[in-house]
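Below is one structure, written out as structure tokens; the observations come after it.
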Amino acid sequence: MDAGTLKLFGAIILFSFPVLLGTPQITGRRIGKHVLSKAEAQALMALVGLALGVGYLLAMG
Numbered sequence: 002m003d004a005g006t007l008k009l010f011g012a013i014i015l016f017s018f019p020v021l022l023g024t025p026q027i028t029g030r031r032i033g034k035h036v037l038s039k040a041e042a043q044a045l046m047a048l049v050g051l052a053l054g055v056g057y058l059l060a061m062g
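Letter by letter, the sequence shown follows residues 2 to 62 in my numbering.
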């Protein structure tokens with residue numbers, strides 16, 4: 002595998018881990034008067050993972 006493939010694989014892993022590990026932890030948490038559903042928790046963690054993945058790709062060049 003070339004360097005670009007490895008970088009992309011790393012970004013995919015950084016995107017996936019927050020969704021897999023963070024979703025169960027924040028499901029049911031209260032933000033103000035709103036209780037997060039599983040779908041909302043997955044969406045929030047996907048945004049975190051997206052920021053991590055894109056940040057990783059930008060940092061690695």
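Positions of the beta carbon are idealized from the N, C-alpha and C atoms, including for glycine.
- Per DSSP, the unbroken alpha helix (DSSP H) holding Leu51 starts and ends at Lys39 to Met61.
- Straight-line spacing of the CA atoms in Gly29 and Leu9 works out to 32 Å.
- In the DSSP assignment, Lys34 falls outside any alpha helix (DSSP H), carrying neither H nor E.
- The beta-carbon separation of Tyr57 and Leu15, rounded to 5 Å, stays under the 8 Å limit for a contact.
- When rounded, the separation of the alpha-carbon atoms in Ile32 and Met2 is 44 Å.
- In terms of Cα proximity to Thr24, the closest of Ile13, Ala40, Gly11 and Ala12 is Ala40.
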